[in-house]
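Engineer: Before we start, here is the structure in question, set down as structure tokens.
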Ligand code: C2E
Ligand code: CA
Ligand code: CA
Ligand code: CA
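Numbering (UniProt numbering), first residue to last: 396 to 670.
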């Protein structure tokens, strides 16, 4: 419909059309990169708070370095999910993780993010199984991170597939713990190995005492049911000290290192942080 006495709607429509076209082109570029296994992964170190040693890495998807375009990880994942490419991207991530563990002779654990959409078809299970059996790496070096969500619980066969994945000897973490729908029942339903305490709690640690109390309680709960806790987004020594006092077992964040190509971490021989 055209507004009476003005063309401002037409101008607006043109701008919207241009924006939509750009968005379409961008999405097509992302889709092509997913299809062609052109996405890259950066690794972010995780340390044991007890020993100060680097014991893990989280793999995070990145747009190819050589491209003149750039997109953030969550946009890439959203586009993959909306275009039924998340299974492909997810399987590629697992393959890259296992290849890197093998080729770099890593002793650290590698954590791979998994979308709930990947679960319930036993496709991820078959891929992990095949990838592990082609190599002689320990399954315990591979961890899957799942965001707490009701979707995960409702999806047919999702829990069953997770149970089978765990039987292979890999570990499973609840990502962004404290921000979603996780209830104590959720933790009861599946033997998760780790809670990843969301960055929003770590951010508040210096501002209010209550956040410290919540983090201590979560760490104690996890410990009592045999789970480890990784605090996400640790940027300062102060935060690290509070997390140590709160009884968190692991830390991840810019204080230890930003996500970077895996090779970056082998310039120095030491895995020890002095924190
Ligand atoms: P996430 O799994 O919670 O990953 C942690 C995010 O926090 C990453 O953002 C990381 O770069 C950022 N981060 C780490 N330490 C710090 C810190 O000290 N300060 C701040 N400000 N940020 C920090 P990124 O790489 O942009 O990834 C965003 C989200 O995209 C991830 O959140 C995850 O949900 C998703 N994602 C990334 N890679 C993959 C993937 O391969 N598969 C799937 N399914 N999802 C992925
Ligand atoms: Ca994660
Ligand atoms: Ca997280
Ligand atoms: Ca997150």
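Glycine included, each C-beta is placed from N, C-alpha and C at the ideal position.
1) Check each candidate in 614, 615, 596 and name the one with the smallest Cα separation from residue 634.
2) For residue 508, which three-state DSSP category applies?
3) Can you find a heavy atom of ligand 1 that lies under 6 Å from the Cβ of residue 649?
4) How big is the Cα-Cα spacing for residue 608 and residue 462?
5) Give me the Cβ distance between residue 564 and residue 534, rounded to the nearest whole Å; I'm assuming they're in contact under 8 Å.
6) Using the beta-carbon count (16 or more within 10 Å), is residue 661 buried or exposed?
7) Using three-state DSSP, classify residue 675 as helix, strand or coil.
8) Alpha carbon to alpha carbon, how far is residue 527 from residue 477?
9) For residue 667, I'd like the list of residues in its chain whose CB is within less than 7 Å of its CB, leaving aside the five on either flank, ordered along the chain.
10) Can you give me the C-alpha to C-alpha distance between residue 470 and residue 457, rounded to a whole angstrom?
11) When DSSP labels each residue in this structure, what does residue 479 get in the three-state scheme?
12) Pop quiz: residue 475 and residue 481 are said to be a contact at Cβ under 8 Å. What is the actual Cβ separation, rounded to whole angstroms?
13) Please report the distance separating the alpha-carbon of residue 651 from that of residue 537.
14) Within the region 492 to 536, note down every full beta strand (DSSP E) run reaching 3 residues or more, in order along the chain.
15) Can you list, in chain order, the residues of its chain with a C-beta nearer than 7 Å to that of residue 437? Leave out the 5 residues immediately preceding and following it.
16) Taking buried to mean at least 16 other C-beta atoms within 10 Å of its own C-beta, is residue 669 buried or exposed?
17) Just to confirm before moving on: does the CB-CB distance between residue 675 and residue 503 stay below 7 Å?
18) Evaluate residue 604 with the Cβ neighbour count: other Cβ atoms within 10 Å of its Cβ, from every protein chain shown; 16 or more gives buried, anything less gives exposed.
19) Residues in the same chain with beta-carbon distance under 7 Å from residue 396, minus the five sequence neighbours each way, listed in chain order, please.
20) According to DSSP, simplified to helix, strand and coil, what is residue 429?
21) Which residues share a DSSP beta bridge with residue 591?
Structural biologist: Taking the structure as given:
1) Numbered from its first residue, the chain shown carries residue 634 at position 239. Closest by alpha carbon: 596.
2) Here residue 508 refers to the residue found at position 113 of the chain shown. If DSSP states are grouped into helix, strand and coil, residue 508 belongs with the strands.
3) Stepping through the chain shown from its first residue, residue 649 is reached at position 254. Correct: residue 649 has its Cβ closer than 6 Å to ligand 1.
4) Within the chain shown, the letter at position 213 stands for residue 608. Within the chain shown, the letter at position 67 stands for residue 462. Between residue 608 and residue 462, the C-alpha separation is close to 45 Å.
5) To locate residue 564, count along the chain shown from 1; it is residue 169. To locate residue 534, count along the chain shown from 1; it is residue 139. With 8 Å as the limit, residue 564 and residue 534 qualify as a contact, their Cβ atoms being about 3 Å apart.
6) The residue given as residue 661 occupies position 266 in the chain shown. So residue 661 counts as exposed.
7) Past the boundaries of the shown model lies residue 675; the chain is included only from 396 to 670, so the question cannot be answered.
8) By 1-based counting over the chain shown, the position of residue 527 is 132. By 1-based counting over the chain shown, the position of residue 477 is 82. Taking the straight line joining both Cα atoms gives about 29 Å.
9) Counted from its first residue, the chain shown places residue 667 at position 272. For residue 667, where only same-chain residues beyond five positions count, the Cβ hits under 7 Å are 447, 448.
10) Indexing the chain shown from 1 puts residue 470 at position 75. Indexing the chain shown from 1 puts residue 457 at position 62. Going by the C-alpha atoms only, they are around 10 Å apart.
11) Along the chain shown, one-based indexing puts residue 479 at 84. Three-state result, residue 479: coil.
12) Here the question's residue 475 lines up with position 80 in the chain shown. Here the question's residue 481 lines up with position 86 in the chain shown. Their Cβ separation, rounded to whole angstroms, is 5 Å, which keeps residue 475 and residue 481 in contact under 8 Å.
13) On the chain shown, residue 651 is found 256 positions in, with the first residue counted as 1. On the chain shown, residue 537 is found 142 positions in, with the first residue counted as 1. Between residue 651 and residue 537, the alpha-carbon positions lie close to 21 Å from each other.
14) 504 to 509
15) Residue numbering aside, residue 437 sits at position 42 when the chain shown is read from its first letter. 455, 457, 654, 655, 656.
16) Your numbering for residue 669 matches position 274 in the chain shown. Answer is exposed; the Cβ neighbour count stays below 16.
17) What is shown of the chain runs 396 to 670, which leaves residue 675 out entirely.
18) Locating residue 604 in the chain shown gives position 209, counting from the first residue. Counting Cβ neighbours within 10 Å, residue 604 comes out exposed, since fewer than 16 surround it.
19) Looking up residue 396 in the chain shown gives position 1. Because residue 396 sits at a pLDDT of 48, beneath the cut-off of 50, its placement in the model cannot be relied upon, and the point is left open.
20) Taking the first residue of the chain shown as position 1, residue 429 is located at position 34. Reduced to three states, the DSSP call for residue 429 is helix.
21) Translated into the one-based positions of the chain shown, residue 591 becomes position 196. DSSP output for residue 591 lists 625 as bridge partner(s).
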